[in-house]
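Engineer:
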Amino acid sequence: MKTSISLALATAMSFALASAAFAAPPTKTGTTAKGSVLTDAKGMTLYTFDKDADGKSACNGPCAANWPVLKAEASDKAEGGYTIISRDDGSKQWAYKGKPLYTFAKDQKAGDITGDGFLNGAWHLAQP
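Just so we're aligned, residue 1 is where the sequence shown starts under my numbering, counting upward by one.
#1: On the CB-based measure, 16 or more other CB atoms within 10 Å of its CB, does Lys-77 come out buried or exposed?
#2: Given this structure, state the Cα-to-Cα distance separating Pro-129 from Cys-63, to the nearest angstrom.
#3: Evaluate the contact criterion for the region 48-67 versus the region 95-113: three or more CB pairs, one atom per stretch, below 8 Å.
#4: Hey, would you say Thr-45 sits closer than 7 Å to Asp-107, going by beta carbons?
#5: Going by C-alpha distance, which of Ala-122, Arg-87, Ala-126, Leu-119 is nearest Asp-112?
#6: Please work out which residues of its chain come closer than 7 Å, Cβ to Cβ, to Trp-94, disregarding the five sequence neighbours upstream and downstream, and give them in chain order.
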């Protein structure tokens with residue numbers, strides 16, 4: 001009986017450790033008037049910027065005030081199509097398929113897409 005309990009506890013612990021090793025993706029998928037988009041944890045639409053190079057943000061200072069970055073924490077681990085990039089100020093930002101991800105300060109609620117096409121078409125919906 002004691003062996004069965006020990007085996008059950010060991011099995012439960014291994015499942016708990018295995019699930020902890022796989023982090024949840026940093027984004028979710030939402031639906032907008034323009035189709036499926038990537039969103040942050042609050043459901044706010046995420047965007048990409050044409051002036052960014054793969055793995056490098058060109059949106060700093062006043063730009064970042066209007067386009068808040070999808071911040072990555074030190075403990076976050078990248079997997080799948082997601083990477084973590086270093087910003088000019090030393091902070092970390094999530095990127096999807098090499099493109100840094102941002103929200104838009106003028107979006108008021110989940111599903112808003114007011115930033116799409118902004119700045120002569122340089123900002124785009126981040127799509128899965």
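Built from N, CA and C at the ideal position, the CB exists for glycine as well.
Structural biologist: Looking at the coordinates:
#1: It is exposed - the Cβ of Lys-77 has fewer than 16 other Cβ atoms within 10 Å.
#2: Because the chain spans 1 through 128 in this model, residue 129 falls outside it and cannot be assessed.
#3: Enough Cβ pairs lie closer than 8 Å, so yes.
#4: In contact: Thr-45 and Asp-107 (Cβ atoms closer than 7 Å).
#5: Comparing Cα-Cα distances from Asp-112 to each of Ala-122, Arg-87, Ala-126, Leu-119, the minimum goes to Ala-126.
#6: Closer than 7 Å at Cβ, skipping near neighbours: Pro-26, Leu-70, Ala-72, Tyr-82, Ile-84, Leu-101.
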